[in-house]
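There are 2 protein chains.
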Amino acid sequence: MATRTRTPSAHPLFMQIKEMISERVKAGEWKEGEALPSEFDFARQYGVSQGTVRKAVAEITDEKLVVRFRGKGTFVATHTHEREHSHFFHIVDNDGVKVLPGTQVLTCRRRKANKEIESHLKLSPGTYVVIIERIRILNGQAIIFETIIVSDEIFPGLCSLEENLPNELYPIYESKYQTRVIRADECIRAVSANTREAEVLGVDVGTPLLEVDRIAISIKEIPVEWRRSHCLTRDHYYKNAIN
Amino acid sequence: MATRTRTPSAHPLFMQIKEMISERVKAGEWKEGEALPSEFDFARQYGVSQGTVRKAVAEITDEKLVVRFRGKGTFVATHTHEREHSHFFHIVDNDGVKVLPGTQVLTCRRRKANKEIESHLKLSPGTYVVIIERIRILNGQAIIFETIIVSDEIFPGLCSLEENLPNELYPIYESKYQTRVIRADECIRAVSANTREAEVLGVDVGTPLLEVDRIAISIKEIPVEWRRSHCLTRDHYYKNAIN
DNA sequence: GAGTGGTCTAGACCACAAT
DNA sequence: TTGTGGTCTAGACCACTCC
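So the protein lines, in turn, are chains A and B.
What the first sequence shows, in this note's numbering, is residues 1 to 243, in sequence order.
What the second sequence shows, in this note's numbering, is residues 1001 to 1243, in sequence order.
Following this line, the structure appears as structure tokens:
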């Protein structure tokens, strides 16, 4: 391959390749779990060397869009239980050990979004949303009061699952609604338990609770879920590692 | 370079090179800000190709132990103001904007560590520590009540700086005490303001505060600072991005 | 055995900084 | 001009999976 026609773009070649492959993955050209073409295939497609494709795909792997297995191939990443739990769940017990939470749905309803929800999920006015309230149980104690809000257009019929809603929702978003959560922004505050939360969590009104406000972003860069968790941090805490 | 004598080690070559260079950096073979040998030098030293060294140094760069500049070289990373602020300070105002905090030292004293401190900083019994209490001021409001505890053996005379203690301590740790903080573990809880905090922060006793308990780890993998921040999260919050 | 990703090499050219 | 890190190539060998 003689000297390539250099696009005046500031990006190096492997970055351009990365963007192109990345876009194709995001566009759903290969379904979740499906294999992508091999490095050599991509190299032929784009007229670059295998090494350049490797570097591009390595970056996409870092972003957890795909996973690679030696001898098998490159596959569109899926939301495994472990990934969700290890990656998105930051509450641990006082010994620093991550505990698998149980879940109990309190309410699940469908209604019009208010201004606040519209703003958080970037919805057009009048959009319907699904609002789930549930508690999460760690070591037998109700620890977290969780309010989950998603667009009814993206997740139609989520309410109908009602009692069958699993602990971890992201795998459902992915398998039933073709919506893959790849990252999230969390806003963390200290708040006071209101009467409802106090009752459900079995504490006094006014007890300090940890509020974790999470906006989950899909692979298409759309905010798809607003989740507000109010956590009792007497026997647990939110663990964050800064590297 | 013919086929190399493969160590039976499970690690690939570039990983071994990475470990060796990494150890030398951590041992202080080059001072902070000082240049490391070039890729070709390392390649000669270790008898591998430049590409292999590149991959090793790339990983060390990812770990922020060194920084690289094209045309100049590879240098031992230093604690710049920006890095500390962007990396370790997670409190932002309600618009999500990071604010530069001012600081006012309340007390600074030297005393024997108690059991709790010994355990957090892994100190031998009877070690003296320095305890600094200070408030941090954002947009003119006292927002954070901060207690900082470090070993007096690692940071002798820190107290004597007293009023001259800067906002950001890590650059001081590095320049005056040859101690570079590279990562930290944070435990986050919701707590109630005690009388002291209530007075200092100008709120009622019992107001929910965000407790951020941080153990800072040095480049030598030693816990060197225990910092407990109690933050008023009325106009601010702790921001965490999950990628 | 064929195909995949993972590692390693040797060499080329580039952008940039210092001299 | 020299030296640096950054990119790219072409080809080799390896470990692993699947047939």
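Yeah, the Cβ is synthetic: ideal placement off N, Cα and C, and Gly gets one too.
Just so we're clear, the structure is a prediction, and the values are computed from it rather than from any experiment.
Query                                                                                                                                                                          : Result
For residue 1185 of chain B, which residues in chain A fall below 8 Å Cβ to Cβ?                                                                                                : 239, 240, 241, 242
Please confirm whether residue 58 of chain A has its beta-carbon closer than 7 Å to some beta-carbon of chain B.                                                               : no
Taking buried to mean at least 16 other C-beta atoms within 10 Å of its own C-beta, is residue 214 of chain A buried or exposed?                                               : buried
Just to confirm the assignment: which complete alpha helix (DSSP H) runs, minimum length 4, are found wholly within the region 96–151 of chain A?                              : 115–121
Determine whether the beta carbon atoms of residue 75 of chain A and residue 35 of chain A lie at a separation below 7 Å.                                                      : yes
Going along the region 222–234 of chain A in order, which residues come within less than 7 Å of chain B, judged by CB to CB distance?                                          : 233
Can you pull the chain B residues whose beta carbon is under 7 Å from the beta carbon of residue 189 of chain A, in chain order?                                               : 1210, 1233, 1237
Do you know offhand how far residue 216 of chain A's Cα is from residue 1148 of chain B's?                                                                                     : 34 Å
Is residue 236 of chain A helix, strand or coil by DSSP?                                                                                                                       : strand
Taking 8 Å as the limit between beta carbons, can you name the residues of its chain near residue 205 of chain A, skipping five residues before and five after?                : 192, 193, 194, 195, 198
Between residue 1175 of chain B and chain A, is any beta-carbon pair separated by less than 7 Å?                                                                               : no
Out of B:1208, B:1139, B:1105, B:1038, which has the shortest C-alpha to C-alpha gap to residue 1169 of chain B?                                                               : B:1105
At which residues does the beta strand (DSSP E) containing residue 213 of chain A begin and terminate?                                                                         : 208–218
Applying the criterion that 16 or more other CB atoms from any shown protein chain within 10 Å of the CB defines a buried residue, is residue 25 of chain A buried or exposed? : buried
Any beta carbon of chain B sitting closer than 7 Å to that of residue 192 of chain A?                                                                                          : yes
Distance check for residue 1241 of chain B and residue 184 of chain A, CA to CA, integer angstroms please.                                                                     : 6 Å
Tell me, which residues are paired with residue 226 of chain A by DSSP?                                                                                                        : A:149, A:215
Please list the partners that residue 1088 of chain B has in chain A, where partner means a Cβ-to-Cβ separation under 9 Å.                                                     : 242
For residue 1027 of chain B, count the other beta carbons within 10 Å of its own beta carbon; 16 or more makes it buried, fewer makes it exposed. Which is it?                 : exposed
Considering only the beta carbon of each residue, do residue 1121 of chain B and residue 1223 of chain B sit closer than 7 Å?                                                  : yes
Can you give the beta carbon distance from residue 1129 of chain B to residue 1152 of chain B, rounded, assuming they're within the 8 Å contact cut?                           : 6 Å
What residue range does the alpha helix (DSSP H) around residue 199 of chain A cover?                                                                                          : 195–201
DSSP three-state call for residue 61 of chain A: helix, strand or coil?                                                                                                        : helix
So the candidates are A:238, A:175, A:231, A:97; which of them puts its Cα closest to the Cα of residue 77 of chain A?                                                         : A:175
Examine the ligand MG and report whether any of its heavy atoms sits within less than 6 Å of the Cβ of residue 1034 of chain B.                                                : Absence of the ligand MG is noted for the structure shown, with no ligands found whatsoever.
Mind checking if residue 17 of chain A is an interface residue toward chain B, Cβ cutoff 7 Å exclusive?                                                                        : no
If residue 1117 of chain B sits next to residue 1123 of chain B, beta carbons under 8 Å apart, how far is it from one beta carbon to the other, in whole angstroms?            : 7 Å
Using the three-state DSSP reduction, which class does residue 204 of chain A fall into: helix, strand or coil?                                                                : coil
Would you kindly work out how many angstroms separate the C-alpha atoms of residue 139 of chain A and residue 99 of chain A, rounded to a whole number?                        : 8 Å
Among residues of its own chain, excluding the 5 on either side of residue 1017 of chain B, which ones have a beta-carbon nearer than 7 Å to its beta-carbon?                  : 1046, 1048, 1052, 1053, 1056
Quick check on residue 192 of chain A: does DSSP put it in helix, strand or coil?                                                                                              : strand
With a cut-off of 8 Å on the beta carbons, I'd call residue 1090 of chain B and residue 1144 of chain B a contact; round off their distance for me.                            : Incorrect: roughly 11 Å between the Cβ atoms, too far for contact.
Once the 5 residues before and after residue 137 of chain A are set aside, which same chain residues still bring their CB inside 8 Å of it?                                    : 101, 102, 103, 104, 143
Are residue 154 of chain A and residue 1237 of chain B touching if we call contact CB-CB under 7 Å?                                                                            : no
Applying the 10 Å Cβ sphere with the 16-neighbour rule, what's the burial state of residue 1111 of chain B?                                                                    : exposed
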